[in-house]
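**Student:** Numbering (my numbering), first residue to last: 29 to 248.
1. I'd like the ranges of any alpha helix (DSSP H) spanning at least 4 consecutive residues and lying wholly in the stretch 38 to 91.
2. Specify, as a first and last residue, the run of the alpha helix (DSSP H) that residue 119 falls within.
3. Looking only at its own chain, which residues have a Cβ that is under 6 Å from the Cβ of residue 231, when we skip the five neighbours before and after it?
4. Suppose contacts are defined by Cβ-Cβ distances below 9 Å. Is residue 56 in contact with residue 84 by that definition?
5. Using 10 angstroms around the beta-carbon of residue 48, count the other beta-carbons present and answer buried if the total reaches 16, otherwise exposed.
6. Check whether the stretch 233 to 247 touches the stretch 135 to 142, taking contact to mean three or more Cβ pairs, one atom from each stretch, closer than 8 Å.
7. Considering just the uninterrupted stretch of the beta strand (DSSP E) at residue 185, what are its terminal residues?
8. Does the stretch 196 to 216 come close enough to the stretch 151 to 163 to have 3 or more Cβ pairs within less than 8 Å?
9. Output yes or no for whether 9 Å exceeds the beta carbon distance between residue 215 and residue 162.
10. Quick check on residue 237: does DSSP put it in helix, strand or coil?
11. How is the alpha helix (DSSP H) around residue 131 delimited, first residue to last?
12. DSSP on residue 97, reduced to helix/strand/coil?
13. Among 234, 113 and 217, which one has its Cα closest to the Cα of residue 148?
14. Can you find the residues in the same chain that come closer than 8 Å, C-beta to C-beta, to residue 102, ignoring five residues on each side of it along the sequence?
15. Please confirm if the stretch 70 to 85 is in contact with the stretch 172 to 179, defined as three or more CB-CB distances below 8 Å between the two stretches.
16. State the beta-bridge partners of residue 35 as determined by DSSP.
17. Alpha carbons only, please: which of 82, 43 and 54 is nearest the one belonging to residue 243?
18. Do you know whose CA, among 146, 144, 184 and 136, lies nearest residue 109's CA?
19. Taking residue 33 and residue 66 to be in contact with their CB atoms under 8 Å, please state how far apart those CB atoms are, rounded to whole angstroms.
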């Protein structure tokens, strides 16, 4: 299977893809593109979110964290989608858990947000959902998005890119006694999940792990 991977930051995502590839094995060949690949530092700074804009947090090629506006990023993401369409990939994975309903791709587009949301609502019918996001600036928008699941929602933040300790944020979630915790960013690693799992007394869903298994099932 030839898989196109589009990140909202810069490629290659050496912090994410190797861990997912451990699940895929040799059944998946990867082609990566990033919405910020061709941009200078000055151009990236111009994408910073203004008050009221949807905040996305991602990683640059050398590991730096950057916050960008979803509204400003959309045209760049669409360019990546158009490029993938010309490369004859079998499917495209959008490497972000935010919703992107307006992206246009005529082939198979794997949208992690929809898979995460469907999985959570299938597993938990009542109770409290704990959600971990990279930045405090994302907490309100994450609450509004996950509240649509019809559950009580508690949000905490810890960056997967700036050496924040997810266990500290998990203690805030644990106080609400959640039925399930979601690590709501593709940047969170298996190690982050292990740290959270030591604090909360419930199952923890790692976005990249869930999506990697979905792709593995598709690849056969």
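Glycine residues also receive a C-beta, built at the ideal position from the N, C-alpha and C atoms.
**Tutor:** Taking the coordinates as given:
1. Complete alpha helix (DSSP H) runs here, min 4: 45 to 52 and 69 to 73.
2. Where residue 119 is concerned, there is no enclosing alpha helix (DSSP H), although the beta strand (DSSP E) it sits in stretches over 119 to 123.
3. Only 208 meet the Cβ criterion.
4. The Cβ-Cβ distance between residue 56 and residue 84 does not fall below 9 Å.
5. In the assembly as shown, residue 48 is a buried residue. Its beta-carbon has 16 or more other beta-carbons within 10 Å.
6. A contact exists between the stretch 233 to 247 and the stretch 135 to 142.
7. If you look at residue 185, you'll find it in the beta strand (DSSP E) that goes 180 to 185.
8. In short, these stretches touch, since the Cβ pair count reaches three.
9. Contact check for residue 215 against residue 162 passes: the beta carbons are separated by less than 9 Å.
10. In the structure shown, residue 237 sits in a helix (DSSP, three-state: H, G or I).
11. In the DSSP assignment, residue 131 falls outside any alpha helix (DSSP H) and carries neither an H nor an E.
12. In this structure, residue 97 counts as strand in the three-state DSSP scheme.
13. Cα-wise, what sits closest to residue 148 is 234.
14. Taken in chain order, the residues that qualify are 128, 130 and 131.
15. The stretch 70 to 85 and the stretch 172 to 179 do not touch, with fewer than 3 CB-CB distances between them shorter than 8 Å.
16. DSSP lists 62 and 123 as the bridge partner or partners of residue 35.
17. The candidate whose alpha carbon is nearest that of residue 243 is 54.
18. Between residue 109 and the set 146, 144, 184 and 136, the nearest pair of CA atoms involves 136.
19. Residue 33 to residue 66, Cβ: 17 Å. No contact.
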